[in-house]
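Enquirer:
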Amino acid sequence: MMRDGHRLASSATRRLLSRNGSLRTEGGQLWIEGLSSRELVERLGTPILVYSSARLRDNIEQAIEATRACAFPIRIHYALKACYLVGVVGLVREAGLNVEVMSEFEYLLARRIGFAPDQVIVNGPAKRPEFLERVVTDGVALMNVESLPEIAFLDALGRRLGKAIQVGLRINPLPSRHLRGPFAPPGSKFGFDVPTGEAAEAVRRIVRSRALSLRAVHCHSYTRQYSPEAHRAHVASVVKFVRQVERKLGIRIPVLDFGGGFGSRSIMEANGGPLRSFIAKMTEPLAGLSGDREIVIEPGRYLVNDAAVCLTTVLSCKRNGRRRWVLVDGGRNILPPRKNAEYAVVPCEVRPGRMLYHVGDFLCMPSEPIPLSFVSGPIELGDCLAVFNAGAYTFSMAQSFGEPIPNAILVEKAEWTWLYRKRSIDEQCRDLSGHT
Ligand SMILES: Cc1ncc(COP(=O)(O)O)c(C=O)c1O
93 MMRDGHRLAS SATRRLLSRN GSLRTEGGQL WIEGLSSREL VERLGTPILV
143 YSSARLRDNI EQAIEATRAC AFPIRIHYAL KACYLVGVVG LVREAGLNVE
193 VMSEFEYLLA RRIGFAPDQV IVNGPAKRPE FLERVVTDGV ALMNVESLPE
243 IAFLDALGRR LGKAIQVGLR INPLPSRHLR GPFAPPGSKF GFDVPTGEAA
293 EAVRRIVRSR ALSLRAVHCH SYTRQYSPEA HRAHVASVVK FVRQVERKLG
343 IRIPVLDFGG GFGSRSIMEA NGGPLRSFIA KMTEPLAGLS GDREIVIEPG
393 RYLVNDAAVC LTTVLSCKRN GRRRWVLVDG GRNILPPRKN AEYAVVPCEV
443 RPGRMLYHVG DFLCMPSEPI PLSFVSGPIE LGDCLAVFNA GAYTFSMAQS
493 FGEPIPNAIL VEKAEWTWLY RKRSIDEQCR DLSGHT
């Protein structure tokens, strides 16, 4: 599965590069918009995370365009957890998207970047009481509740404040494993399972409360989804639940929030199923609902993943056993080795020939060669490699392990600006010694 995913990511990258877009090979080397990777590396060193503003804007436009494939209005809330870099998120906001957050830190960051409370959806399986009170007082677009104590707390808060609080309810309809993916298995820490009756009971609690009203049903059930058919099944299972509770309790739930989980754009397109085809698949199950509804999606990876590459330098070349290794300075501190990462590696300078290389980082931790292997002509010490699909869940999950979190920049045509500057050894030591 992982091997297939990796093969797909590599062929999607080759396709992306051959299309003469914002990331491309030209004159035998990799370009990010108007800047050659060689120039960037000479000037700024490696490892470095490089975002292309053109690709990011194009991904956003594609997502907005795709929403037109559905007969219902769709609001896009960018899942902030995918990338926190202010310059990146600022572009997302300027392009008119809203935001989804999973914690108080993310909420405050989103507000600093300029999102108004009514542009924010608040998720998270466990939220601090002060955070809940803050978002209620601020008047966020939607807050999805995930437990009975959370419902009880908000009920008491609404009565105390003398105000009606609108909430969404996170549910897990749990269609077959094949369709739902591994994100929220039965009995997970997220929301309320439907088959056990817990989701219906949570709806009843909200409906019975005089301080709460049920504005939305929310479901996020997978990540890296590349099957429009699985997305249709996801939507159909949520709609089925909504219809059942609406009929039984005589209520109407105006908003349906289907979460995120779409794959990376370039891989989706190489796979023959662009986002548009996912969105078009939503129309049929939604058609079963009466009246006007607002639909929400919360993509993270789709918007930012293929908009960034991590440029990294080969520090060691060796053979061990039957493997040909290249060990690079881009460590797991910026490229977390996750099961669902889609890293694909390409040399910054094109080389004729075909040899399989395994990529490891410079750190004293067992490496994961499968998601990071590639084919190229001879690779030498000091060569530069580009790790594609490095835009989502890299910086937001980065840590100072072995090395400080590296530099990140945003390229716009032939210019670049800082997104994040690596902390100096003095700054790092000051943080670690607890001094301010
Ligand atoms: C509730 C929720 N919404 C949206 C997302 C974004 O997912 P993705 O980046 O796969 O689109 C996540 C990711 O975990 C999530 O938990």
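For the sequence shown, the working numbering begins at 93 and goes up steadily by one. C-beta: ideal position from N, C-alpha, C; glycine also.
(1) To the nearest angstrom, how far is it from the Cα of residue 94 to the Cα of residue 171?
(2) Kindly examine ligand 1 and report whether one of its heavy atoms sits closer than 7 angstroms to the Cβ of residue 394.
(3) So is the beta-carbon of residue 370 under 7 angstroms away from any non-hydrogen atom of ligand 1?
(4) Would you be able to state if there are at least three C-beta pairs under 8 angstroms between the region 382-390 and the region 107-116?
(5) Rank 311, 198 and 329 by C-alpha distance to the C-alpha of residue 280 and give the top, closest one.
(6) By Cβ distance, which residues of its chain are closer than 6 angstroms to residue 398, with the 5 residues on each side in sequence left out?
(7) Can you tell me whether residue 525 is buried or exposed, with buried defined as 16 or more other CB within 10 angstroms of its CB?
(8) Taking 7 angstroms as the line, does the beta carbon of residue 192 fall inside it for any heavy atom of ligand 1?
(9) Nearest CA to the CA of residue 444: which residue from 426, 432 and 468?
(10) DSSP puts residue 499 in a beta bridge; with which residues?
(11) Compare the beta carbon distance of residue 91 and residue 495 with 8 angstroms and say whether it is the shorter of the two.
(12) Among 433, 383 and 478, which residue has its Cα nearest to the Cα of residue 163?
(13) Could you give the first and the last residue of the continuous beta strand (DSSP E) run that contains residue 312?
(14) Using the Cβ count rule (16 or more neighbours within 10 Å means buried), how would you classify residue 144?
(15) Compute the distance between the beta-carbons of residue 473 and residue 138, then report whether it is under 8 angstroms.
(16) Kindly give me the distance between the Cβ atoms of residue 493 and residue 177, rounded to whole angstroms, as I take these residues to be in contact under 8 angstroms.
(17) Would you mind working out which of 261, 161 and 336 sits nearest residue 347, comparing C-alpha positions?
(18) To the nearest angstrom, how far is it from the Cα of residue 286 to the Cα of residue 189?
(19) From residue 369 to residue 269, what distance separates their C-alpha atoms?
(20) In this structure, how does DSSP classify residue 150 when only helix, strand and coil are distinguished?
(21) Taking only the alpha-carbon atoms, compute the straight-line gap between residue 489 and residue 341 and give it to the nearest angstrom.
(22) Do you know how far the Cα of residue 367 is from the Cα of residue 375?
(23) Within its chain, find whatever has a CB closer than 6 angstroms to the CB of residue 428; leave out the 5 residues flanking it on each side and keep chain order.
(24) Hey, out of 263, 305 and 453, whose CA is closest to residue 256's CA?
(25) Is residue 335 closer than 8 angstroms to residue 377 when the C-beta atoms are compared?
(26) I'd like the span of the alpha helix (DSSP H) that includes residue 226, first residue to last.
(27) Hey, is residue 315 close to ligand 1, as in C-beta under 7 angstroms from one of its heavy atoms?
(28) Smallest Cα separation from residue 265: which of 282, 247, 259 and 152?
(29) What are the start and end residues of each continuous beta strand (DSSP E) run of 3 or more residues lying completely inside the region 377-401, in chain order?
Expert: Here's the rundown:
(1) By 1-based counting over the sequence shown, the position of residue 94 is 2. By 1-based counting over the sequence shown, the position of residue 171 is 79. Any reading at residue 94 is ruled out, since the residue's pLDDT is 39, under 50, leaving its predicted position unreliable.
(2) As a first step, residue 394 must be located in the sequence shown, where it is residue number 302. Yes.
(3) For this step, residue 370 is matched to residue 278 along the sequence shown. Set against 7 angstroms, the gap from the CB of residue 370 to the closest heavy atom of ligand 1 is not smaller.
(4) Output reads no: the region 382-390 does not touch the region 107-116.
(5) Position 188 of the sequence shown holds residue 280. Checking every option, the nearest Cα to that of residue 280 belongs to 311.
(6) The residue labelled residue 398 in the question sits at position 306 within the sequence shown. Within the same chain, residue 398 has close Cβ partners 356, 357, 358 and 481.
(7) By 1-based counting over the sequence shown, the position of residue 525 is 433. With fewer than 16 other CB atoms across the displayed protein chains lying within 10 angstroms of its CB, residue 525 is exposed.
(8) Indexing the sequence shown from 1 puts residue 192 at position 100. Checking every heavy atom of ligand 1 against the Cβ of residue 192, one is found closer than 7 angstroms.
(9) Position 352 of the sequence shown holds residue 444. Nearest option by C-alpha distance: 468.
(10) Along the sequence shown, one-based indexing puts residue 499 at 407. Bridge pairing for residue 499: 140 [DSSP].
(11) Residue coverage of the chain in this structure runs from 93 to 528, which leaves residue 91 outside it and unanswerable.
(12) Within the sequence shown, residue 163 is the residue found at index 71, counting from 1. Closest by alpha carbon: 383.
(13) What you label residue 312 is simply residue 220 of the sequence shown in a count that begins at 1. Segment: none, residue 312 is in no beta strand (DSSP E) and carries neither H nor E.
(14) As a first step, residue 144 must be located in the sequence shown, where it is residue number 52. Residue 144 should be labelled buried.
(15) Position 381 of the sequence shown, counted from the start, is the residue given in the question as residue 473. Position 46 of the sequence shown, counted from the start, is the residue given in the question as residue 138. Going by beta carbons, residue 473 and residue 138 fall outside the 8 angstroms limit.
(16) Locating residue 493 in the sequence shown gives position 401, where the first residue counts as 1. Locating residue 177 in the sequence shown gives position 85, where the first residue counts as 1. In this structure residue 493 does not touch residue 177 by the C-beta definition: roughly 19 angstroms separates them, more than the 8 angstroms allowed.
(17) Here residue 347 refers to the residue found at position 255 when the sequence shown is read from its first residue. Of the listed residues, the one whose Cα sits closest to residue 347 is 261.
(18) Position 194 of the sequence shown, counted from the first residue, corresponds to residue 286. Position 97 of the sequence shown, counted from the first residue, corresponds to residue 189. Approximately 31 angstroms between the Cα atoms of the pair.
(19) Locating residue 369 in the sequence shown gives position 277, where the first residue counts as 1. Locating residue 269 in the sequence shown gives position 177, where the first residue counts as 1. C-alpha separation (whole angstroms): 22 angstroms.
(20) Mapped onto the sequence shown, residue 150 falls at position 58. In this structure, residue 150 counts as helix in the three-state DSSP scheme.
(21) Counted from its first residue, the sequence shown places residue 489 at position 397. Counted from its first residue, the sequence shown places residue 341 at position 249. Near 42 angstroms, if we compare the C-alpha coordinates of residue 341 and residue 489.
(22) One-based indexing of the sequence shown puts residue 375 at position 283. One-based indexing of the sequence shown puts residue 367 at position 275. Answer to the nearest angstrom: the Cα atoms are 14 angstroms apart.
(23) Position 336 of the sequence shown holds residue 428. Here the set comprises 489.
(24) Working through the sequence shown from its first residue, we reach residue 256 at position 164. The shortest CA-to-CA distance from residue 256 to any of 263, 305 and 453 is the one to 305.
(25) Within the sequence shown, the letter at position 285 stands for residue 377. Within the sequence shown, the letter at position 243 stands for residue 335. Taking 8 angstroms as the Cβ cut-off, residue 377 and residue 335 do not qualify as a contacting pair.
(26) One-based indexing of the sequence shown puts residue 226 at position 134. 221-230 is the extent of the alpha helix (DSSP H) around residue 226.
(27) Position 223 of the sequence shown, counting from 1, holds the residue named residue 315. The answer is yes for residue 315.
(28) Mapped onto the sequence shown, residue 265 falls at position 173. It is 282.
(29) For secondary structure counted as the beta strand (DSSP E) over 3 or more consecutive residues, the region 377-401 holds these complete runs in sequence order: 386-389.
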